[in-house]
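Some notes on the structure that comes next.
Residue numbers (our numbering): 230 to 462.
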């Protein structure tokens, strides 16, 4: 994939995320590692919404968090991205957003239960970062987020937001949306009363496998892009 194609995918990812309620003013950010230069990554700039990403305002940043190309302002939480990229060579896209139900769930102290199909995707596979509610503005704090993420695709910054890390833009976007769906369903179910027992572990693991194939993420991302394009006509 060329650099221009990567940026185009980032642009549509931003529009999809806003359409799905993942925006919080200008505070969310997405990054993609350069396939030909893995020590560099593209990143959304500061002061603009996710739906305002353009090819011209995307920054190129190194693993120390320094801007090497672009003139826009850099997000102060760049270290979420740089520190995860340092320790997870399998990760090529990272997203940080502040979705309502996910944050509410993170403040409750209860595990995410497999009481919905979206929740099965994260069965026993969520990191929790509890060091601070504040912004992640240093190498050390970013390294703490990376440690809390561990081998998983999602780490919740308690009372702050979600960080999703995966091999592709498609997977990151769909996982983030599905996590928010899972958190919303659990909060509604628990508000209604005690939840029923989960299905057997083997059944949940099979569903987790079935909905986590790369083609599943691509198909659903492509659908959301088509829908976003229709809205712009």
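Note that CB positions come from ideal geometry on N, CA and C, so glycine has one too.
A straight-line Cα-Cα distance of about 28 Å links residue 446 and residue 426. Note on geometry: alpha-carbon atoms of residue 414 and residue 344 lie some 8 Å from one another. The three-state reading of DSSP puts residue 359 in coil, since its state is none of H, G, I, E or B. If you ignore the 5 residues before and after residue 454, its C-beta comes within less than 7 Å of the C-beta of 241, 245, all in its own chain and listed in chain order. Residue 290 sits close to residue 303, with the two beta carbons spaced by under 8 Å. Distance from residue 239 to residue 270 at the Cβ level is roughly 11 Å; contact not present, criterion being Cβ atoms closer than 8 Å. Secondary structure of residue 425 (DSSP, three-state): coil. When DSSP states are grouped into helix, strand and coil, residue 283 belongs to the coil group. For residue 379, the CB contacts under 8 Å within the same chain, skipping 5 residues up- and downstream, are 356 in chain order.
In this structure, the straight-line span from the alpha carbon of residue 388 to that of residue 328 is close to 11 Å.
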